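Peer 1: For the sequence shown, the positions run -32 to -1, 1 to 901 when mature numbering (1 follows the signal peptide of the UniProt record, and there is no 0) is used. We put the CB at the ideal spot given by N, CA and C, even for glycine. It should be emphasised that the depicted structure is a prediction, and the values quoted were computed from it without experimental measurement.
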Amino acid sequence: MQSLSCPWKPAGLRLSPPLILIFLHRLSLSVACNDLVASGRDRKPNALVQVAVIDPHKQHLVSHACTEIVEANKDPLFLTGVTFPSEYPGSPETLVKLSVYDAKDKSQESSSFLGCATFSVGDLLRAKDERLTLSLRSSDGVCAAGTVVVSRLKMGEMEEVDVDHITTDIPSHKCPLVCESASHACIDRENNPLTGPVFKNPICKVYRFQTVDSKWMLVREQMEECTLSFSIPKQLLSLYIQEDISRVQDLKELGELSPHWDNLRKEVMTRYGGIISSYQETLAELDKITGHSFKPSCCKAQKSLEFIPINLHTQRMRVTCPRKTDAFYDVVTVGAPAAHFQGFKCGGLQRLLSRYEAEKKSFSTAYQCIYYSPEHTAKAQEVLSTMSLLQPLITSLADQLLQAAQEHSSPGLRDALKNLSDKTEQFVHTLKDELVKSALLALHAAQPGYISKNQKQTPMQGGQHQGHIHQGSDQNQSPVQGLPGHSPATSITDSTAVCNNVEGSQTTTRGEGGPLKHQDSIPHHKEYDEEEWDRVWANVAKCLNCVIAMVDKLQEEDNNKQEPVPEQHLADVITSHNPGDWREQLRPLVTRLKECVMEVVEKAKRAMTFVLLQEAACSIPQGFLLQQRRDVVFSQALAALACGFVMRLYAGMQDQGFLRQLHLVGLVAQFESLLSTYSEEIGMLEDMEVGISDLQRVTFQITEAKTDDLSDLQPLVCGRRDHFTVEVPLPRLVFQTLPEEIKEGKPLRVFPVLFNVGINEQQTIAERFGDISLQERINQRNFEMLEAYCKSLSEQVPLEFLPCFQTPTDIKELLETLGQNVVTKKRKNVEILWIAGTICRRLNGIRFTSCKSAKDRTSMSVTLEQCALLRDEHQLSKDVFIRALDCMRREGCRIENVQKNIKCRKYAFNMLQLMAFPKCYRPPEGTYGKVDS
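1. DSSP state of I200, grouped into three classes?
2. Between L837 and V830, what straight-line distance do the alpha-carbon atoms span, to the nearest angstrom?
3. Taking one C-beta from the segment 267 to 276 and one from the segment 165 to 175 each time, how about it: are there three or more such pairs within less than 8 Å?
4. Ignore the nearest five residues each way along the sequence and tell me which others in R628's own chain have a CB closer than 8 Å to its CB.
5. May I ask you to report which of helix, strand or coil DSSP gives K263?
6. Span of the alpha helix (DSSP H) holding Q359?
7. Which partner residues does Y324 have in the DSSP bridge list?
8. I need the boundaries of the beta strand (DSSP E) containing Q669, first residue and last residue.
9. In whole angstroms, what separates the C-alpha of L66 from that of L104?
10. Quick one: give me the first and last residue of the beta strand (DSSP E) that A295 is part of.
11. Taking Cβ to Cβ, would you say L381 is nearer than 9 Å to L512?
12. List the DSSP bridge partners of T86.
13. Do you know whose CA, among Q730, I733, N724, C514, lies nearest R749's CA?
14. Spell out a yes or no on whether the segment 282 to 293 and the segment 796 to 808 are touching, meaning 3 or more CB-CB pairs, one atom from each, closer than 8 Å.
15. Looking at the secondary structure, which residues open and close the alpha helix (DSSP H) in which H308 lies?
16. For I213 and Q638, I'd like the C-alpha separation in whole angstroms.
17. In chain order, which beta strand (DSSP E) runs of at least 3 residues are fully inside the segment 808 to 895?
18. Since K122 contacts S197 with CB under 8 Å, what's their CB separation in whole angstroms?
19. Would you call the segment 86 to 104 and the segment 36 to 50 touching, i.e. three or more CB-CB distances under 8 Å?
20. Per DSSP, which one or two residues make a beta bridge with I22?
21. Mind checking which residues open and close the alpha helix (DSSP H) that includes K256?
22. On the three-state DSSP scale, how would you describe Q622?
23. Is it the case that the segment 290 to 299 contacts the segment 854 to 872, given that we only count it when at least three CB pairs across the two stretches are under 8 Å?
24. Are there 16 or more other CB atoms within 10 angstroms of the CB of I516, so buried, or fewer, so exposed?
25. Buried or exposed, going by whether 16 or more other CB atoms sit within 10 Å of the CB of T895?
26. Taking 7 Å as the limit between beta carbons, can you name the residues of its chain near V676, skipping five residues before and five after?
27. Could you give the residue range of the alpha helix (DSSP H) that holds I660?
28. Tell me whether Q774 is buried or exposed, calling it buried when 16 or more other Cβ atoms sit within 10 Å of its Cβ.
29. Let me make sure I understand the geometry here. Which of P556, D526, D549, E524 has the alpha-carbon closest to that of C514?
30. Count the C-beta pairs between the segment 715 to 723 and the segment 632 to 646 that are closer than 8 Å, then say yes if the count reaches three, no if not.
31. Bridge partners for W184 per DSSP, in chain order?
32. Report buried or exposed for L554, applying the criterion of at least 16 other Cβ atoms within 10 angstroms of its Cβ.
33. Helix, strand or coil: how does DSSP classify A40 here?
34. For I209, which residues in the same chain have their Cβ closer than 8 Å to its Cβ, ignoring the five residues on either side in sequence?
35. What's the C-alpha gap between I650 and G303?
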């Protein structure tokens, strides 16, 4: 793991006194040269400028930045500006050295020195228009080598003036650079303390590009690491461990089983123990790592880091144009979520899971297990998860009802009853499923001394029959249907009217639903009563009806007592109806309700645990290996999604349209993948497909932070494998500005979609000689999901709440074009990615771009998208489009990302590979070569 210490910060740097301290990251410079003299008099120089900073106290020179090369021009105007990292503080005395070179080739490896100039930060800030013209000194200090012009660029900081000006190399031409600030339109990540706990180690680059009307725009790139790269996987590992420990405990609590089933249980528990031990070891290794916020691509196959996303970074492009508000464009870059340590010899998750489900039936026969379909297994997990959430909630609401009765509060009683009724109905309907009933029978058959009610049907046949039931075949109607819980005036049926008498209600319920005392297990050595389960869960509804009837009765009596009474009887009324009466009359019924709920939970929990035992037993060992692989891939995907969600939330905190869309519909998260469908990358794409799809099990929730400390602003994960919730805390003052629905904790949904188009030489082989059906299926399926999201959004959120763009094409037309491209047989049809990305931005969505390591192909895609946005939305001149693209790829944030990952400023391409790339995805000459990636 590489160190993330700032490479530009001199060791032992002493800070200036606070009164004159200037943070250089607030300073951006533009550079131009005039009258340069090349080393060869018969040619014009290919100029570039290297920038270094000199600490005045230590006289220590630190190489910092470099402009692009401007070819054959003695008066070059450099589009690449100079910024300084936030970790580098300085004073007005801090010196900046500009060295001008004549590059012999575009790799910059061979160049000749032309001249240099030095200035102090204070001189620049005091100069007129904050602009200096300096003479370049040659190496001998005698010859004049020309001049260099350095100016301060301001990204919307000067709010007291409308525009600023700088003279270019075009005579008598003034170019407006800066318009009024639009920082109010978006949370500025440079200065906002909200970003502190999540985003760190920023790298900034600035450019100035010419528009079609010969004006200038300022562009600032900012790339940052995200602390969620490590914190989300660590939290997930803890949750995985807790869930598996709980699963082992549930297996132990199944009670006595026949020897066959007991041996299978022991084997399954041993497998769980192995996973728990492995995860605990991985978590311990991650806890040892401090100070790191990303996993470099060279560590993608490292065992201890397999849960960590590869090279996760955020990137923002900020654009300042004359007389227009600033615009922000965000993207998250991350290596494709995949299990690199486990490898791809047998494919990825999508293929492995399909093969596993096909073979599981034969496994179930070999292990004498009952085969349950993936739908049944998912239903069992859902029932367990829902019960674990609702049972304590019902208990709490029941206690609130008693508290309201104690306080003799009619409004409080009604509210508490409504909440209790809603959650109890949800609880009963969750258990209204034939799977629970059939699983109880199968569990009974797996216990010693089982006697079949039908001697012609063997226990195994009966179990297998029940294992293949259809969930929709339930013929029993829930007693909760038609409950009078929401209307105090609703009449009570005869069967529940007796509940008005506490003793009578207990007698009646005991007769209908069996004994009150807890049954430890289904009785052995006698026939199993298949109707017992129906009676047990129906008792919950009957008990709720009893509670509702009693509340209605109490409120009716209270209303009658509100009528005027003679003054002499007032004292008797108060004495005979003290506040404690309500509580005492409700307490036995509420207690009975909680007992019935607990009885149902225990039975259903054992039944669903037995379903999962059978699923686990018939999948040894492949099922456990697949679960580990799926955990790894999901961990990487969730860390990226959480990073993107937080980034998008921070950017839209003051956009009421966005916040409305967030809680009404949710956000689309569009993952762009550049993986090929050949060799190992097929397995990566198959992993990624499942990992992105599993993100549908995730919701987000905005919470109010306990304090404004950075530690209390870190997102938290809770839940289990079938559903996770990511809680995003916000400071109190920020939280209070949110819509009520969000403040009340409404779950916020995210709709992940994945589009893939391979662009490298391996994709050429796949298209001509191999199979690209995986890519075609992914794009078609996710197009349908995106189309469904757009339909849902249009029905609930007016179009005026969506962001405005310069290009007139509407979302419906873009969707039609995307659909046509998805079904068109066209090699390397990258228009699919372009259109999908455009739709995502139009929908206020979250943009992700991935390849194997998010380093090389991803860099080409991100820079291309940025320049396309500048062209389409900010009138970037077509004449400078390619030059702007080369600037970003040669000197921008993406080449810094390469440097961070492999300690080398070269994209991992060779000339033969690039011949197969679409032209717009090829890096500039001199920026690529053979490197270890």
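Peer 2: Reading off the structure:
1. Here I200 carries a helix assignment [DSSP, helix/strand/coil].
2. 11 Å
3. no
4. P707, V765, F769
5. strand
6. 342 to 374
7. DSSP output for Y324 lists no bridge partner at all.
8. 666 to 672
9. So the alpha carbons of these two residues sit roughly 9 Å apart.
10. 295 to 301
11. no
12. K65
13. Minimum Cα distance to R749 is reached at N724.
14. Short answer: they don't touch.
15. It is not in any alpha helix (DSSP H) - H308 carries neither H nor E in the DSSP assignment.
16. 35 Å
17. 814 to 818
18. About 33 Å separates the two Cβ atoms, so there is no contact after all.
19. no
20. Looking at the DSSP assignment, I22 forms a beta bridge with L29, L63.
21. 227 to 256
22. In this structure, Q622 counts as coil in the three-state DSSP scheme.
23. Note that the segment 854 to 872 does not touch the segment 290 to 299; fewer than 3 beta-carbon pairs, one per stretch, sit closer than 8 Å.
24. That one is buried.
25. buried
26. For clarity, residue 676 is Asp in the given sequence; the question names Val instead. Taken in chain order, the residues that qualify are P699.
27. 648 to 662
28. exposed
29. P556
30. yes
31. Q178
32. buried
33. coil
34. Excluding sequence neighbours, I209 sits near I244, Y247, Q248, L251.
35. The straight-line gap from Cα to Cα measures roughly 14 Å.
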